[in-house]
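Under our numbering, the first residue of the sequence shown carries the number 235, and numbering increases by one thereafter. Backbone N, C-alpha and C define an ideal beta-carbon position, used for all residues, glycine too. Below: one structure, written as structure tokens.
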Amino acid sequence: MGSNKKINTNTTRTSLYWKCQLIGWGLVSLFWFYIALLRDDFKISHAIINYFLDIFICIAITHAYRTMAVRRKWNELGMKNLIWKVIPALFVLSLAFMLFMNLKTSAYISLVDRQNDAISKLFVWNPIFIWNPVLITGLRHMTIWLLAYHLYHFYQREVQTSKTNAQLSLIAKQAQLDNLAAQLNPHFLFNSLNSIKSLVIENPKGARRAIDLLSDLLRSSLYEKDKDLIPIENELSLVYDYIELEKMRFEDRLQLKTDIDQEALNYKIPALSIQLLVENAIKHGIDLRVDGGVVFLKIKKRDNYIHINVENPGVIHKNERVGLGLENLNKRLEIQYKGKASFSLTQNENDCVVAVIIIPMNIDDEKI
Numbered sequence: 235m236g237s238n239k240k241i242n243t244n245t246t247r248t249s250l251y252w253k254c255q256l257i258g259w260g261l262v263s264l265f266w267f268y269i270a271l272l273r274d275d276f277k278i279s280h281a282i283i284n285y286f287l288d289i290f291i292c293i294a295i296t297h298a299y300r301t302m303a304v305r306r307k308w309n310e311l312g313m314k315n316l317i318w319k320v321i322p323a324l325f326v327l328s329l330a331f332m333l334f335m336n337l338k339t340s341a342y343i344s345l346v347d348r349q350n351d352a353i354s355k356l357f358v359w360n361p362i363f364i365w366n367p368v369l370i371t372g373l374r375h376m377t378i379w380l381l382a383y384h385l386y387h388f389y390q391r392e393v394q395t396s397k398t399n400a401q402l403s404l405i406a407k408q409a410q411l412d413n414l415a416a417q418l419n420p421h422f423l424f425n426s427l428n429s430i431k432s433l434v435i436e437n438p439k440g441a442r443r444a445i446d447l448l449s450d451l452l453r454s455s456l457y458e459k460d461k462d463l464i465p466i467e468n469e470l471s472l473v474y475d476y477i478e479l480e481k482m483r484f485e486d487r488l489q490l491k492t493d494i495d496q497e498a499l500n501y502k503i504p505a506l507s508i509q510l511l512v513e514n515a516i517k518h519g520i521d522l523r524v525d526g527g528v529v530f531l532k533i534k535k536r537d538n539y540i541h542i543n544v545e546n547p548g549v550i551h552k553n554e555r556v557g558l559g560l561e562n563l564n565k566r567l568e569i570q571y572k573g574k575a576s577f578s579l580t581q582n583e584n585d586c587v588v589a590v591i592i593i594p595m596n597i598d599d600e601k602i
């Protein structure tokens, strides 16, 4: 369905482009058609041929530019970088306009006005020296065309950016609610409070620590989620607090092992993404096993990407539906990184479930 929508969109844009080309240059050439009839005394048949040749020349020149601009991705450039591309292109297009228009005129004089061979030869062999008014006309019309073409694409890009930001904001808000419901649901709070209750008499110091951890988790869930991206180091602090709190309930049944590339700590990722994977590993893996197990967290830099792996003992049932938290995480990754990030949940042969997030690294991600 997604691919069909993309194809339909491209077809619509292509159709709009050709409509604008034909209508725009058709209207401009009508003025030249009028001049050819009244000022230059063209025969009606010659004026019509000249009219269609004018349209063809203008469309051919501008379409050649469009093809080059699309291949070199000029429409993705910022305004400052684009100007340095467009200004030289404007002069090239104007010169091409002048050359082809003069060649067309030369051909007309050679074929129709055979009475003056000297003028005919001059126009045929030296069209590039006829600067005015054809060059000025070319500059004027090519400037208008380039402005219209690139301003349209700037407008489309701004509209798409606005739509993406709005969609990201909605999904982020929904993810916040889903995360709060999944992470700090009544069942989780009930177990945590029971663990704290049992510690109040036996281990008051441990109970105070548990309350602090639960408070930090609540605070992070409420406020960190307002930030789209946070450093991995900050995310790990939340994960460690969460594991410490859960260990008060699971005791030796829950173990955490890590293999983390220290160079990756400053890179930013979607808030609560690792915590969500760890929580999912405990809820659907460790909690279902009598002997518990080990949650293995690995974060590595590979080929300009951050690889985040969370592995836990467990089984993925074929009919088991992915939770809302993981679905929203996948959507956030898709929109935040424009399809360059990925999320997967797979079953290994040794009865282990592996959740993997792959995120592209950006220079800006290192700025905290």
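Where the alpha helix (DSSP H) through residue i begins and ends
i	result
A303	278-305
Q496	Premise fails: Q496 is in no alpha helix (DSSP H) and is neither H nor E.
V512	507-518
C-beta atoms of residue i and residue j nearer than 8 angstroms
i	j	result
L463	P504	yes
I516	V529	yes
Y285	F265	no
L510	L563	yes
M332	L369	yes
D585	P547	yes
V587	S578	no
I569	T398	yes
A298	A281	no
L470	I508	yes
T377	L324	yes
A341	I295	no
K338	L261	no
Q224	I283	Since the first residue shown for the chain is 235 and the last is 602, residue 224 is missing from the structure and cannot be characterised.
M335	I278	no
S328	L373	yes
D475	D450	yes
V473	V512	yes
N468	H387	no
Cβ-Cβ separation, residue j to residue i (assumed contact under 8 angstroms), whole Å
i	j	result
L490	I520	That pair is no contact at about 10 angstroms.
L499	I466	5 angstroms
H384	L316	7 angstroms
K565	I405	5 angstroms
I289	W252	So it is not a contact: roughly 12 angstroms between Cβ atoms.
S576	I550	With 8 angstroms as the limit, S576 and I550 do not qualify as a contact, their Cβ atoms being about 18 angstroms apart.
G440	F484	Not a contact, Cβ separation roughly 14 angstroms.
N514	L452	Not really, about 19 angstroms apart at Cβ, beyond 8 angstroms.
I430	I445	6 angstroms
K552	D493	That pair is no contact at about 30 angstroms.
P603	N538	The requested residue 603 is not part of the displayed model; the chain covers only 235 to 602.
K535	E497	6 angstroms
L479	S426	6 angstroms
Reduced DSSP secondary structure (H/G/I, E/B, other) of residue i
i	result
V549	coil
N437	coil
K572	coil
L311	coil
P322	helix
R273	coil
S263	helix
Y251	helix
I362	Because I362 carries a pLDDT of 46, less than 50, the predicted location of this residue cannot be relied on, and no value is offered for it.
Range of the contiguous beta strand (DSSP E) that encloses residue i
i	result
L579	576-581
L463	463-465
R536	527-536
P178	Given a span of 235 to 602 for the chain in the structure shown, any question on residue 178 remains unanswerable.
Identified DSSP bridge partners for residue i
i	result
K481	None; K481 has no bridge partner.
H541	K534, I592
L488	G527
I430	Per DSSP, none; premise fails for I430.
P504	L463
Near the ligand MN: residue i beta-carbon under 7 angstroms from a heavy atom
i	result
R453	Inclusion of the ligand MN in the displayed structure is not the case, the ligand content being empty and no account of it being possible.
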